[in-house]
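Reviewing the structure listed below.
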Amino acid sequence: MTSKYSSLVLCLLFITLRVPTSRAWSISVIPSFHQKFLRKSLVTLDTEGPFEFESTTIPVPSFLQEKWNKYRSQRRRKSNEKSSVSSLGQLPWIGDSMESKSNNNVFLSHWKWQLEFFQSQLTNLRVNSQDNSTCQNLMYIESDGTSNKGAAKKQRIYTLSLQSEEYRDIRMTYLQCGDQSQIFRCTCYPRNDMPILGMGLMQLGNHRNIAIIDFQPLLHDGDDETSLAEQSRYTRRLQDIRSSFKSMQHPMSDRHFDPNEQKYFTANPIIGKWIKDDDDALKNWQDLQQVHRDCVQAHVTLTQDRNGGRTDRNVHVQQLHSDYDTFVASKEPAGQLLSSAFGKDVAHRLVHQVIFPLSQQQQLL
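Mature numbering (1 follows the signal peptide of the UniProt record, and there is no 0) puts the sequence shown at residues -24 to -1, 1 to 341.
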């Protein structure tokens, strides 16, 4: 037992000798030179945790025992939540000796780093419960595909939904279509009306690589000026990061979004494109790893700074997120790939119920 807790034991022993038959005691019965220590101990019990009361025969005041029980309960709950995030954060197929190879999971290092960063930096990170059993069943699905050579290839999609005090929802999705196409996407919704962290890392046909990361704005001209000013901090930080990586400065294409439909994107999102055999392919991969980390870290920092604002209980914020989900889901570039892998009906439900759960197009049109 440490000297710190030995002093606490002596304090309690003194109390026991002075008031042997009552737990309704006062700190005034403690010698003055111990009072300051005991007051400090009582304040810090919830974070430090004292010795095990059960291991001593000294009667413990009821309120002190209650604080200790509360502390143990909180520690047990946090431990269970951390364990749940860690276990559910592992891709379900990892562990299979053939499927665990890095070349079969090209964005695995990005997935693992991001999850570990969230666990270390976000407050009270926990798994979101799925109220709908249908959605729960869609969080991980797989099907057998067939390659051109006739060999069976697993096609899988796994989505992990988390929340913290900073974010209402964090959706991390990994799509693996054999060794031909891989997609890691993530959408982080703050508990206020600040920009959403939207990210898509894609390898298509085992050779074409595309990455897009943006701090996607929810507010536009005419909205609250204070919030717009806060939103501009996200935009400026994103541009600072973008300016450091020449390989991530490709212009946005009008292929999927015409100019009028780009309201949920900044003017210059981070976009990288390259082919597997390009001379600078290795440099591009290294840039992607760093820009991914810089963007996630920056968004978390900005969101934590702004976390005292409006929360997701505000109907206004919920509606903003729903409008965003509805619009972006209707333009989801992976929709065709999902349809090919899992069928049109399942693909639609994946996009509108799992990847973008607040989409207002839940039913197949």
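All C-beta atoms, glycine included, are put in the ideal place defined by N, C-alpha and C.
These numbers were taken from a predicted model, which means no experiment stands behind them.
Of the choices Ile251, Leu195, Asp270, Met178, whose alpha-carbon is the least far from that of Leu84? For the purposes of this step, residue 84 is taken as the residue at position 108 of the sequence shown. Comparing Cα-Cα distances from Leu84 to each of Ile251, Leu195, Asp270, Met178, the minimum goes to Met178.
With DSSP as the reference, please indicate the residues paired to Trp250 in a beta bridge. By one-based count along the sequence shown, residue 250 stands at place 274. Paired residues: Asn185.
Check each candidate in Trp89, Ser335, His297 and name the one with the smallest Cα separation from Tyr143. Numbered from its first residue, the sequence shown carries residue 143 at position 167. Of the listed residues, the one whose Cα sits closest to Tyr143 is His297.
Inside the segment 134 to 160 only - beta strand (DSSP E) runs reaching at least 3 residues: 143 to 153
Under the DSSP definition of a beta bridge, which residues are partnered with Pro245? Counting from 1 along the sequence shown, the entry for residue 245 is found at position 269. Answer by DSSP bridge pairing: none, since Pro245 is not bridged.
Going by C-alpha to C-alpha distance, which of Ala310, Ile189, Ile70 sits closest to Tyr240? Residue 240 sits at position 264 when you count from the first residue of the sequence shown. Comparing Cα positions, the closest option is Ile189.
Going by CA-CA distance only, name the one from Gln280, Met228, Asp145 that's closest to Phe332. Indexing the sequence shown from 1 puts residue 332 at position 356. Residue Asp145 is the option with its Cα nearest to Phe332.
Asn80: which of Cys153, Gln265, Arg325, Asp216 sits nearest, CA to CA? In the sequence shown, counting from the first residue as 1, residue 80 sits at position 104. For the residues Cys153, Gln265, Arg325, Asp216, the minimum Cα distance to Asn80 belongs to Cys153.
If I'm right that Thr135 touches Pro193 with Cβ under 8 angstroms, what's the distance once you round it to whole angstroms? As a working note, residue 135 is residue 159 in the sequence shown. As a working note, residue 193 is residue 217 in the sequence shown. No, Thr135 and Pro193 are not in contact; Cβ-Cβ is about 24 angstroms, not under 8 angstroms.
Looking only at its chain, what residues have a beta carbon closer than 7 angstroms to the beta carbon of Leu278, apart from the 5 residues adjacent to it on each side? Stepping through the sequence shown from its first residue, residue 278 is reached at position 302. The answer, listed in chain order, is Arg209, Tyr210, Arg213.
Out of curiosity, what's the CA-to-CA distance linking Ser119 and Met148? Locating residue 119 in the sequence shown gives position 143, counting from the first residue. Locating residue 148 in the sequence shown gives position 172, counting from the first residue. Using only the alpha carbons, I get a separation of about 20 angstroms.
Exposure label - Asn100; buried when at least 16 CB within 10 Å: Counting from one through the sequence shown, the residue named residue 100 turns up at place 124. With fewer than 16 Cβ atoms within 10 Å of its Cβ, Asn100 is classed as exposed.
Do you know offhand how far Gln139's Cα is from Gly71's? As a first step, residue 139 is located in the sequence shown; it is residue number 163 there, counting from the start. As a first step, residue 71 is located in the sequence shown; it is residue number 95 there, counting from the start. Rounded to whole angstroms, Gln139 to Gly71 spans 26 angstroms at the Cα level.
What would DSSP say about Arg167, mapped onto helix, strand or coil? Against the sequence shown, residue 167 aligns to sequence position 191. Correct three-state label for Arg167: coil.
Using the C-alpha atoms, what's the distance from Arg269 back to Gln90? Residue 90 sits at position 114 when you count from the first residue of the sequence shown. Residue 269 sits at position 293 when you count from the first residue of the sequence shown. So the two alpha carbons sit approximately 8 angstroms from each other.
For Pro171 and Gln207, believed in contact at Cβ under 8 angstroms, the rounded distance: Taking the sequence shown and counting its residues from 1, the one referred to as residue 207 is at position 231. Taking the sequence shown and counting its residues from 1, the one referred to as residue 171 is at position 195. Contact holds; Cβ gap of about 6 angstroms.
Determine which residues share a DSSP beta bridge with Gly176 and list them. Counted from its first residue, the sequence shown places residue 176 at position 200. DSSP lists Arg161, Ile188 as partners of Gly176.
Nearest-angstrom Cα separation, counted from Ser335 out to Asp253: Translated into positions along the sequence shown, residue 253 becomes position 277. Translated into positions along the sequence shown, residue 335 becomes position 359. If I take the Cα positions, the gap works out to 38 angstroms.
Option nearest Pro227 by Cα separation, candidates His183, Asp216, Lys307, Gly248: On the sequence shown, position 251 is the one that residue 227 refers to. Nearest of His183, Asp216, Lys307, Gly248 to Pro227, Cα basis: Gly248.
Compute the Euclidean distance between the alpha carbons of Ser31 and Arg102, then round it to the nearest angstrom. Within the sequence shown, residue 31 is the residue found at index 55, counting from 1. Within the sequence shown, residue 102 is the residue found at index 126, counting from 1. Any reading at Ser31 must be qualified, since the residue scores a pLDDT of 48, below 50, and its modelled position is unreliable; the value itself is stated next. Here the alpha carbons of Arg102 and Ser31 stand approximately 32 angstroms from one another.
What residue range does the alpha helix (DSSP H) around Val322 cover? The residue labelled residue 322 in the question sits at position 346 within the sequence shown. Val322 -> alpha helix (DSSP H) spans 320 to 325.
Please give me, in chain order, every unbroken run of the alpha helix (DSSP H) with length at least 4 that falls completely inside the segment 264 to 318. List check, alpha helix (DSSP H) in window: 291 to 306, 311 to 318.
Taking the beta carbon of Ser223 as the centre, do at least 16 other beta carbons fall within 10 Å, making it buried, or is it exposed? The residue given as residue 223 occupies position 247 in the sequence shown. With 16 or more Cβ atoms within 10 Å of its Cβ, Ser223 is classed as buried.
Over what stretch of residues does the alpha helix (DSSP H) that includes His86 continue unbroken? Locating residue 86 in the sequence shown gives position 110, counting from the first residue. Taken as a continuous stretch (DSSP letters only), the alpha helix (DSSP H) holding His86 covers 84 to 97.
In terms of residue numbering, what span does the alpha helix (DSSP H) encompassing Tyr210 cover? Working through the sequence shown from its first residue, we reach residue 210 at position 234. Per DSSP, Tyr210 belongs to the alpha helix (DSSP H) from 201 to 218.
In or out: Ser157 buried (at least 16 other Cβ within 10 Å) or exposed? Against the sequence shown, residue 157 aligns to sequence position 181. Ser157 should be labelled buried.
Close beta carbons around Pro68, own chain, < 8 angstroms, minus the five adjacent residues each side: Mapped onto the sequence shown, residue 68 falls at position 92. Excluding positions up to five away in sequence, the list reads Tyr116, Arg132, Tyr134.
DSSP-derived helix/strand/coil call for Gln336: Stepping through the sequence shown from its first residue, residue 336 is reached at position 360. Residue state, collapsed to three classes: coil.
Asp301: which of Cys164, Ala317, Gln280 sits nearest, CA to CA? In the sequence shown, residue 301 corresponds to position 325, counting from 1. Nearest option by C-alpha distance: Cys164.
Compute the beta-carbon to beta-carbon distance between Asp155 and Asn113, rounded to the nearest angstrom, for a pair I have assumed lies under 8 angstroms. Looking up residue 155 in the sequence shown gives position 179. Looking up residue 113 in the sequence shown gives position 137. About 26 angstroms separates the two Cβ atoms, so there is no contact after all.
CB-CB under 6 angstroms to Asp199, same chain, minus the five flanking residues each way: which ones, in chain order? Translated into positions along the sequence shown, residue 199 becomes position 223. Counting only Cβ-Cβ distances below 6 angstroms, and skipping sequence neighbours, we find nothing.
Among Gln106, Asn168, Phe318, which residue has its Cα nearest to the Cα of Leu204? Here residue 204 corresponds to residue number 228 of the sequence shown, with the count starting at 1. Answer by Cα proximity: Asn168.
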